[in-house]
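To start, the structure itself, in structure tokens.
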């Protein structure tokens, strides 16, 4: 199964107030494992960026000034993610809102892909705990030492590792000789039939077995139970 882990960086928090995307990073997965294929682009937002936001992702107006505008990369982006490919995103509502605003503005079809929101999965697994990407990396021992600032491609690579941990640390339920894996991401149970097992047998040893055991113990010198 093909999936795309996706992240964006922006000029702010709200596209309805004129904020724009400045970076997109995607990592392709096949059966939840990275294939090595990625999509990464910096985008000229054609607007100013506050210093407060620059401190978050490190992308300045000067650096982005010669980069393509979103309309120039829209078709290649849509081609990479595909139509029905599930998108794995942390706090998906934020990224999808920005991406669809950009797509609408340049008269491209909006994203209607299935969405896997890793933030929601993490909140279900760890209710009441912090579940941002840094915390999840630490929790699952994912090396995030390169993450000195937010970066769309790097964050997608880290999220791919976190996502694998989230969906493989499944809850197990045992019913007779069947193991049911409750996979919250796929919204269905995956059933495996275990090897045949037998009930525990309990029986008393015979007199001859007891005698043979005692004879064997007498041959062991210096045993802890030898108090004579």
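Residue numbers (my numbering): 969 to 1196.
Glycine included, every Cβ here is placed at the ideal spot set by N, Cα and C.
Self-check item: Euclidean distance between Cα positions of residue 1131 and residue 1086
Solution: If you draw a straight line from the Cα of residue 1131 to the Cα of residue 1086, it comes to about 7 Å.
Quiz item: In this structure, does DSSP put residue 992 in helix, strand or coil?
Solution: It is a strand residue.
Quiz item: Of all the options 1084, 1002, 1185 and 1111, which has the alpha carbon lying nearest to the alpha carbon of residue 1064?
Solution: Nearest C-alpha to residue 1064: 1084.
Exercise. For residue 1121, I'd like the list of residues in its chain whose CB is within less than 6 Å of its CB, leaving aside the five on either flank, ordered along the chain.
Key: A distance below 6 Å between beta-carbons, with the five flanking residues on each side excluded, links residue 1121 to the following residues of its chain, in chain order: 993 and 1008.
Quiz item: Can you name, in chain order, every residue of its own chain whose Cβ lies under 8 Å from the Cβ of residue 1061, other than the five neighbours on each side?
Solution: Taking C-beta separations shorter than 8 Å and ignoring five residues to either side along the sequence, the partners of residue 1061 in its chain run 1085, following chain order.
Exercise. Would you give the residue range spanned by the beta strand (DSSP E) that residue 982 belongs to?
Key: From DSSP, residue 982 is part of no beta strand (DSSP E); its letter is neither H nor E.
Quiz item: Is residue 1013 near residue 1032, with beta carbons less than 8 Å apart?
Solution: The answer is yes: Cβ separation under 8 Å.
Practice problem: Measure the C-alpha to C-alpha separation of residue 976 and residue 991 and round it to an integer number of angstroms. | Solution: Using only the alpha carbons, I get a separation of about 5 Å.
Quiz prompt | Where residue 1176 sits in the DSSP three-state scheme | solution = Looking at residue 1176 - three-state DSSP - the assignment turns out to be helix.
Quiz item: When every heavy atom of the ligand SAH is checked, does at least one fall within less than 7 Å of the C-beta of residue 984?
Solution: Among the components of this structure there are no ligands whatsoever, and the ligand SAH is therefore not found.
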